[in-house]
Amino acid sequence: MTHAPARTLARRAAGLGTTVFSDLTELAVRTGAINLGQGSPEADGPPAVLEAARRALFNGANQYPPLNGTPALRRALAQQRLRRYGVPCDEDTGIVVTTGATEAVTAAVLGLCDPGDEIIVFDPAYDVYTAAARLAGAGCRRVPLLPGGDGFRYDPDALRAAVTRSTRLLLLNTPHNPTGKVFTRGELADIAAVCQEYDLVAVVDEVYEYLVYGDRYHLPLTAVDGMADRTLCVSSAGKTLNLTGWKVGWACGPAHLVDAVRAVKQYTTFASAAPLQDAVAWGLTHQDAWVAAQRSALAANRDALSAGLRTAGLAVLPAEGGYFLQADAARAGHADASEYCRRLAHECGVVAIPTRVFAEDPSPYASLVRFAFCKSPRTISQAVGRLARSGSARPRG
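Residue numbers for the sequence shown follow numbering that gives the first Met the number 0, beginning at 0 and rising by one.
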């Protein structure tokens, strides 16, 4: 008797595939190109935080921590939220530590959405958000952030039009990946009004909260009037302390929303990295000066890369926060960013990402390219030198 082969993937997972970041890393290795596609820093975090982790490792912090996270980290996070934003957060009921911000976002979507519900995201969107919706069996409605000379903006009417009877949750990322946009106080007030009018929960990914440049500043949505009871804020140590491999993240908010994250997390990772949690607690409490210096270094990288891209003939959009800037290859004669990125990798030795891969409707972003500047000044200088020779990557007539 013969049997039909078993279906290997559940339908909810079948469409996920390999992330674009894995593909780009492989391309960079294969071609020897400088990888400005992935937001992975080249330097370690603060030496004092690494030493704090070593102390924790050798002083017995190596068993299961509490499900909510170590007391030291929860206390540090409660103090940080109050000190920076004036937002009170209960360290016992209002915080859960997760294995990176990715787990926090995914667990929030799984814990708050039923199959058939809908979530709203701003396009172009970090791919974790749509993957989390798919795993939850939820639909995803996208509101486009449209590029212009002053950066990216959305149409408030388009946001309201995206809400349906099935909408359960709005997922906001600010500072925003991949556009580098920092949502303004006015935009946050508009988003808050929509959430309150239609009784939506807001999950806000704030992993770049410390990395805001110039006269921009990060305002948590939970600090907007009427949003404290319906907003879950997600962040991590990865971007703030240059410790992306530690995967120490968290979700903060009212107990009923934190409970939803915890309900899922307890059956996935349960808990992780106890000594790293205590080291992150020390870093958040004692390393503000290091973080400020890192922010200044990133701003200098952004400016150097922007100048190099302009020299190469691209138009550069404002990068207000985060690790990335957007450049328009159409100015250099490339209407198709995907083709431009292929040529850039093979002919100039620089890897970047076409912004269209983050969007449901790629047409507004057809010629836009995302470049990461979270690298060493030496790497940025080398990339700028290669970009200066990118005349070879111009379209052939």
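Think of the CB as a built atom: it goes at the ideal place given N, C-alpha and C, for glycine as much as any other residue.
Exercise for review: Measure the C-alpha to C-alpha separation of Ala311 and Cys112 and round it to an integer number of angstroms.
Suggested key: 46 Å
Review point. Buried or exposed: where does Thr267 fall if 16 or more other Cβ atoms within 10 Å of its Cβ makes it buried?
Key: exposed
Review point. Got a sec? Which residues, its chain only, sit under 7 Å from Glu359 by beta carbon, not counting five neighbours each side?
Key: Asp122 and Arg141
Review point. How is Thr267 classed by DSSP in three states: helix, strand or coil?
Key: coil
Review point. Which ranges would you report for the beta strand (DSSP E) in the stretch 99–166 if only whole runs of at least 3 residues count?
Key: 117–122, 138–143, 145–147 and 150–152
Check your understanding: To the nearest whole angstrom, what separates the beta carbons of Ala254 and Gly93, a pair I think is in contact under 8 Å?
Key -> 6 Å
Exercise for review: Note down, in chain order, each residue of its chain lying with its Cβ closer than 7 Å to the Cβ of Arg184, except the 5 sequence neighbours on either side.
Suggested key: Leu218
Practice item. Using a threshold of 8 Å, state whether the C-beta atoms of Glu102 and Gly248 are closer than that. Key: yes
**Study point:** Sub-8 Å separation of Gly36 and Gly179 beta-carbons
**Key:** no
Practice item. Using the Cα positions of Phe357 and Ala191, report the straight-line distance between them to the nearest angstrom. Key: 24 Å
Point to revise | At least three beta-carbon pairs within less than 8 Å, the stretch 281–297 to the stretch 144–162 | key: no
Check your understanding: Would the stretch 274–289 and the stretch 58–75 be scored as touching if the rule is three or more Cβ pairs under 8 Å?
Key -> yes
Check your understanding: Name the DSSP bridge partner or partners of Val315?
Key -> Ala326
Review point. Which whole-angstrom value is the C-beta distance of Ala157 and Pro143, which I expect to be below 8 Å?
Key: 7 Å
Practice item. Evaluate Phe57 with the Cβ neighbour count: other Cβ atoms within 10 Å of its Cβ, from every protein chain shown; 16 or more gives buried, anything less gives exposed. Key: exposed
Review point. So the alpha helix (DSSP H) Gly248 belongs to, where does it begin and stop?
Key: Segment Gly248 to Cys251 is the beta strand (DSSP E) holding Gly248; no alpha helix (DSSP H) there.
**Study point:** Extent of the continuous alpha helix (DSSP H) run through Thr194
**Key:** For clarity, residue 194 is Cys in the given sequence; the question names Thr instead. That run of the alpha helix (DSSP H) goes Arg184 to Glu196.
Check your understanding: Closest by CA to Ala236, which one among Leu15, Gly14, Asp89 and Pro40?
Key -> Pro40
Check your understanding: What first and last residue would you give for the beta strand (DSSP E) that runs through Ser375?
Key -> No beta strand (DSSP E) contains Ser375, which DSSP labels as neither H nor E.
Review point. Nearest to Val95 by CA position, among Lys374, Thr378, Val263 and Cys139, is which residue?
Key: Val263
Exercise for review: Tell me Gly320's beta-bridge partners as DSSP assigns them.
Suggested key: Val211
Practice item. Give the range of the beta strand (DSSP E) segment to which Asp204 is assigned. Key: Val200 to Asp204
Point to revise | Residue closest to Val223, alpha-carbon to alpha-carbon, out of Phe182, Ala250 and Leu283 | key: Phe182
Point to revise | Exposure label - Arg388; buried when at least 16 CB within 10 Å | key: exposed
Check your understanding: Is the beta carbon of Arg229 within less than 7 Å of some heavy atom of the ligand FMN?
Key -> No copy of the ligand FMN appears in this structure; indeed no ligand is present at all.
Point to revise | Cross-strand partners of Val350 (DSSP beta bridge) | key: Asn34
Check your understanding: How many Å lie between Pro394 and Ala351 at the Cα?
Key -> Bear in mind that a pLDDT of 49 at Pro394, under 50, signals an unreliable position, so the model cannot answer this.
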